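There are 2 protein chains.
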Amino acid sequence: MAKEKKSPRPKAETPKGFRDYFGAEVTERTEMLRTIAGVYHRYGFEALESSAVETVEALGKFLPDVDRPNAGVFAWQEASEDEGKENAKPGDWLALRYDLTAPLARVYAQHRNDLPTPYRRYAMGPVWRNEKPGPGRFRQFYQCDADTVGAASVAADAEICAMLSDTLEEVGIPRGDYIVRVNNRKVLNGVLEVMGLSEEAQREAVLRTIDKFDKVGEDGVRQLLGKGRLDASGAYIDGVGLSEAQADPVVAFLTSKGADNAATLANLRAAVGASEIGSTGVDELEEIASLVGAQGYDANRIVIDPSVVRGLGYYTGPVFEAELTFEILDEKGRKRQFGSVSGGGRYDDLVKRFTGQEVPATGVSIGVDRLLAALREKGRMGRTEAGPVVVTVMDRDRMADYQTIVGELRRAGIRAEVYLGNPKNFGNQMKYADRRNSPVAIIEGSDEKARGVVQLKDLILGAEIAKSASLDEWKDRPSQYEVPRSEMVARVKAILESQR
Amino acid sequence: MAKEKKSPRPKAETPKGFRDYFGAEVTERTEMLRTIAGVYHRYGFEALESSAVETVEALGKFLPDVDRPNAGVFAWQEASEDEGKENAKPGDWLALRYDLTAPLARVYAQHRNDLPTPYRRYAMGPVWRNEKPGPGRFRQFYQCDADTVGAASVAADAEICAMLSDTLEEVGIPRGDYIVRVNNRKVLNGVLEVMGLSEEAQREAVLRTIDKFDKVGEDGVRQLLGKGRLDASGAYIDGVGLSEAQADPVVAFLTSKGADNAATLANLRAAVGASEIGSTGVDELEEIASLVGAQGYDANRIVIDPSVVRGLGYYTGPVFEAELTFEILDEKGRKRQFGSVSGGGRYDDLVKRFTGQEVPATGVSIGVDRLLAALREKGRMGRTEAGPVVVTVMDRDRMADYQTIVGELRRAGIRAEVYLGNPKNFGNQMKYADRRNSPVAIIEGSDEKARGVVQLKDLILGAEIAKSASLDEWKDRPSQYEVPRSEMVARVKAILESQR
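Chains R and X, in that order, are what the protein sequence lines are.
Heads up, the first sequence is in the numbering used here, so the first residue is 1 and it goes up one at a time.
Heads up, the second sequence is in the numbering used here, so the first residue is 501 and it goes up one at a time.
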């Protein structure tokens, strides 16, 4: 007779590409979001929290940076409301938001009559991407956005750049360790205009090539605009087929950064020639430079830089990117710059899908997880957080005494807990305190209780003594001593201060 | 010829049962979560943020409070990794978490070797329920949980009750306006034992009846335990079929609350008679009362109350509930108590599904949105937040001047913004300032600029003057005046202080 098969136990695992965050990973992110929200708020931006779930219809069927429709999104169909009935209407398709901009478009279109114009809003929270996960690349991650909707003036773009600069400094990136770089899609449009590319397909091929400037550099772009290029893997990539002369304006645009903003702007004016849209673009960049300059943001903080190409295909006007410029060691021990932590720009068709009206908008998104990684890399975060004071349990029947001790400590603002595991083995209690990174353990056996004292164990000092080769230097500073019960709180405070 | 049909515009709407949160709704919740996290942290609890998405397998196929399997959850199937191939493995079923306890079970089972024992953790964030939405009932809402995993001692339950009491006071519910009530499933088990109900079906029918005590009261429960009852709608509800005498112990249990904890405990001892599990349950309640009493939580804050029945079917030991006791007016203008804002208890099979081992656990969940509603009801929250100082644009070409003004204000810690809409119509700028609830508007036309002054408009005072019948009393306090440009920041600060 076959044995009855038990149903197998479920696997205790996150879905692929998801992860859990523990302790300081959570609290450091919360603190960073709070700091950023503080800056955004001071700039007059209002908080918005839209739902994580949107209809696929409202969200739009594409991500800004993937080509395939409907790819990259977690979506499902709701059960029909009149399921089983004849001619039942099918249920709505719902999806998790993949960024915070698409929901903003829906919110603005839905509530525009109740919102001020311009509407400055910030939003922070997780977004979800149904993409192949990779090392350090997760399918749920935090974004932190600020956008101004309904302001056509580039003063709104300049404000976002200034705010981005302030934000980076307030979360702990010192001046000089970051740069906000600004470019403008309109300048590029002007360049394309003077090149006389009439075919849309050709314009798009040029745009795609420009997107590779980061990776392949000037020579690579020249080859890709011309006959083509052998890439690192040995594959031959077909070129756009332009002549050297035709490619010149694009390369001039990409490499037009001069010694200062004035020089850059002059180079750009040359690159756009007689193009009207190009001239407008250069004017806008000039105005942004002048607006941020007037407020004291010099070119070491916010700079016009035509080599910023990320997002040029997506945005319609100014684009910005914040880069951290300090060097870190990559996984192979080579030095490299930390790179981009934030990007944004102007996009003027935000709500047109919904209302038919064009509404100008500009905004920025900060990659909070990358920014946290950068601060940890610089040793400005990620220190092990001090654990709680642990009150050990010497006598199971006197739990009320231990709870009273811990209550006194907490009321004095000291993080503290009673050991709640099985108290039989005192060694386990000390191991627990160690695992919790506890700074102080408190011991009150029946003997101490009778004499009105408690034992305090300075666990940080104790660990140092244990490490130290020579015990002599520590002998005048024992790591465990007796104090009157009535002085306990004050003495614990003193130990905590000595450990700082 | 038929006209070509344009694809219809998408509807700008949240999915049914979801909503957006604006401004103070977001920031007040953030502040409350921060306060609660502060208390939890002080009690030694560690933050945990698990992913919003879990496998259906890990989540379990049921909600704690619905009967149908798989109901109540938003779930979808992932595309197969080797889609299109023969014998392709089907993709995983994924789902949004419906609470924070099921993910804790998965996290603890997955990481138990790296976590301290006992593991105290807190978690806060949205959860999703695929339920029929109703008024004030949304399909995404916040929970804020604290649980202790791996502690069998009721000291852990007592600690949670004390922490819940502290938390309510720190978020702004004064002592006397709330009560934490404690009951114990084991006492009920003892009652069922002395009743001699041998059939499981009968025990379950009794449990379901007890669940209705909140609604139908003592007489109703007696009828439902006996022959049955005519409910409010006129339908006859069949009873469990017990005799009066058999029903007595259940009713004695539910109504055993005495004048103080000692009296209640004596009544419970009588109700459980010789039952061992029942006696253990009463002992546990006695210990909880003694532990919290020793720390100064009297019965006006934490009380033994056998009429707490919510969750008695779900939990395995102590259960607790926090109720706000002040009265509010319901939608029909009748007074009623605000009611429950938090519940929890002990559940000892948390990770058994995953590991086969029983791990004791106890915890609490705070309904943050209800707590916020309560504080708004009491007028302790929900005041309109002060908007930013608005710098008006009198001269489009002097945007740099206005940005400089706003930069100075922000550096002084004052929330401020430049008007970024079309500046042509000054009236629109003032309407905007009004809509933003702006306290002060700043005006610098070319005349003011030439004279080195700015105009300050005290908008709060201005609104009061506009309301006031007699203008006389205001005539010495004009709401708009000129100040030297160099004194601007100090004078704005003074106005803001006068408005407090």
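Don't be surprised by glycine CBs; every beta carbon is placed ideally from N, CA and C.
Computed from a predicted structure; not experimentally measured.
Where the region 178-192 of chain R meets chain X: residues whose CB sits under 8 Å from a CB there: Going along the region 178-192 of chain R in chain order, one finds no residue with a Cβ nearer than 8 Å to chain X.
Against residue 996 (chain X), what residues of chain R qualify as contacts under a CB-to-CB distance less than 9 Å, listed in chain order? Neighbours of residue 996 (chain X) on chain R: none; closest Cβ ~13 Å, over 9 Å.
Within 8 Å of any Cβ in chain X, is that where the Cβ of residue 68 (chain R) sits? A caution first: residue 68 (chain R) carries a pLDDT of 47, below 50, which makes its placement in the model too unreliable to give a value.
Given this structure, state the Cα-to-Cα distance separating residue 172 (chain R) from residue 303 (chain R), to the nearest angstrom. Residue 172 (chain R) and residue 303 (chain R): Cα-Cα distance of roughly 20 Å.
Which term fits residue 630 (chain X), buried or exposed, when burial requires 16 or more other beta carbons within 10 angstroms of its beta carbon? Result: buried.
Sorted by chain position, which residues of the same chain lie with C-beta nearer than 7 Å to residue 568 (chain X)'s C-beta, five sequence neighbours on each side aside? Per-residue confidence for residue 568 (chain X) stands at a pLDDT of 47, beneath the threshold of 50, marking its modelled position as unreliable; the derived number appears in the next sentence. Hits under 7 Å: none found.
Span of the beta strand (DSSP E) holding residue 457 (chain R)? That run of the beta strand (DSSP E) goes 453-458.
Proximal chain X residues relative to residue 295 (chain R), where beta-carbon distance stays under 7 Å: Contact of residue 295 (chain R) with chain X by beta-carbon distance below 7 Å involves 903, 904, 907.
Burial state of residue 543 (chain X) (16 or more Cβ within 10 Å): The C-beta of residue 543 (chain X) has 16 or more other C-beta atoms within 10 Å across all chains shown, which makes the residue buried.
Name the chain R residues that come within less than 9 Å of residue 856 (chain X), Cβ to Cβ? 9, listed in chain order.
In chain order, what residues of the same chain have a beta carbon less than 6 Å from the beta carbon of residue 117 (chain R), not counting five sequence neighbours either side? By the criterion of a C-beta distance shorter than 6 Å, residue 117 (chain R) is surrounded in its chain by 150, once the five residues flanking it on both sides are discounted.
Do three or more CB pairs link the region 541-558 of chain X to the region 19-32 of chain R at distances below 8 Å? Contact check between the region 541-558 of chain X and the region 19-32 of chain R: three or more CB pairs, one atom from each, fall below 8 Å, which counts as touching.
Going straight from the alpha carbon of residue 610 (chain X) to that of residue 875 (chain X), what length do you get? A direct Cα-Cα distance of roughly 38 Å separates residue 610 (chain X) from residue 875 (chain X).
Since residue 19 (chain R) meets chain X, which of its residues come closer than 8 Å, beta carbon to beta carbon? Under the 8 Å cutoff, chain X gives 551.
According to DSSP, is residue 565 (chain X) part of a helix, a strand, or is it coil? Here the model assigns residue 565 (chain X) a pLDDT of 49, short of 50, so the residue's position is not dependable, and the following value carries that caveat. For residue 565 (chain X), the three-state secondary structure derived from DSSP is coil.
For residue 691 (chain X) and residue 832 (chain X), what's the separation of their Cα atoms in angstroms? Cα-Cα distance, rounded: 40 Å.
Look up residue 594 (chain X) in the DSSP assignment and say whether it is helix, strand or coil. The DSSP-derived three-state label of residue 594 (chain X) is strand.
Counting only Cβ pairs nearer than 9 Å, list the residues of chain X close to residue 338 (chain R). Correct list: empty, because the minimum Cβ distance to chain X is about 24 Å.
With 7 Å as the C-beta to C-beta threshold (strictly closer), list the residues of the region 426-442 of chain R near chain X in chain order. Listed by position along the chain: 432, 435, 436.
Going along the chain, which residues of its own chain have a beta-carbon closer than 6 Å to the beta-carbon of residue 891 (chain X), five neighbours each way excluded? Only 902, 905, 906, 918, 942 meet the Cβ criterion.
So within the region 898-929 of chain X, which uninterrupted alpha helix (DSSP H) runs reach at least 4 residues, ignoring any that extend past its ends? Counting whole runs of 4 or more residues, the region 898-929 of chain X contains the alpha helix (DSSP H) stretches 899-911.
Paired residues, beta bridge with residue 145 (chain R) - DSSP: Assignment of beta-bridge partners to residue 145 (chain R) by DSSP yields R:123, R:365.
Under a CB-based cut-off of 8 Å, is residue 985 (chain X) close to chain R? So, not an interface residue.
Rounded to whole angstroms, what's the CA-CA distance from residue 92 (chain R) to residue 78 (chain R)? Just pull it up for me. Approximately 5 Å between the Cα atoms of the pair.
Using beta-carbon positions only, say whether residue 342 (chain R) and residue 143 (chain R) come within less than 8 Å of one another. No, the Cβ-Cβ distance between residue 342 (chain R) and residue 143 (chain R) is not below 8 Å.
For the beta strand (DSSP E) containing residue 335 (chain R), name the first residue and the last one. First-last of the beta strand (DSSP E) with residue 335 (chain R): 335-346.
Is residue 510 (chain X) helix, strand or coil by DSSP? DSSP places residue 510 (chain X) in coil when its eight states are reduced to three.
Would a check of beta-carbon distances place residue 259 (chain R) closer than 8 Å to chain X? The beta carbon of residue 259 (chain R) does not come within 8 Å of any beta carbon belonging to chain X, so the residue lies off that interface.
Which residues mark the beginning and the end of the beta strand (DSSP E) in which residue 683 (chain X) is found? In this chain, the beta strand (DSSP E) harbouring residue 683 (chain X) covers 678-684.
is_contact[residue 3 (chain R), chain X] using C-beta, thresh 8 Å: Unreliable positioning characterises residue 3 (chain R) in this predicted model, as indicated by a pLDDT of 49, which lies under 50. The coordinate reading is nonetheless provided below. So no, residue 3 (chain R) is outside the interface.
From residue 670 (chain X) to residue 256 (chain R), what does the alpha carbon distance come to, in whole angstroms? Here the alpha carbons of residue 256 (chain R) and residue 670 (chain X) stand approximately 58 Å from one another.
Check each candidate in R:41, R:20, R:154 and name the one with the smallest Cα separation from residue 886 (chain X). Check the Cα spacing between residue 886 (chain X) and each of R:41, R:20, R:154: the tightest is with R:41.
When you compare the region 752-772 of chain X with the region 682-702 of chain X, are there three or more beta-carbon pairs, one atom per stretch, that lie closer than 8 Å? Yes, the region 752-772 of chain X touches the region 682-702 of chain X.
Chain R contact residues for residue 920 (chain X), given Cβ-Cβ distances below 7 Å: The contacting residues are 118, 148, 151, 153, 155, 156.
What residue range does the alpha helix (DSSP H) around residue 723 (chain X) cover? Boundaries of the alpha helix (DSSP H) harbouring residue 723 (chain X): 713-725, taken from the DSSP string.
Would DSSP call residue 650 (chain X) helix, strand or coil? Three-state DSSP puts residue 650 (chain X) in coil, outside helix and strand.
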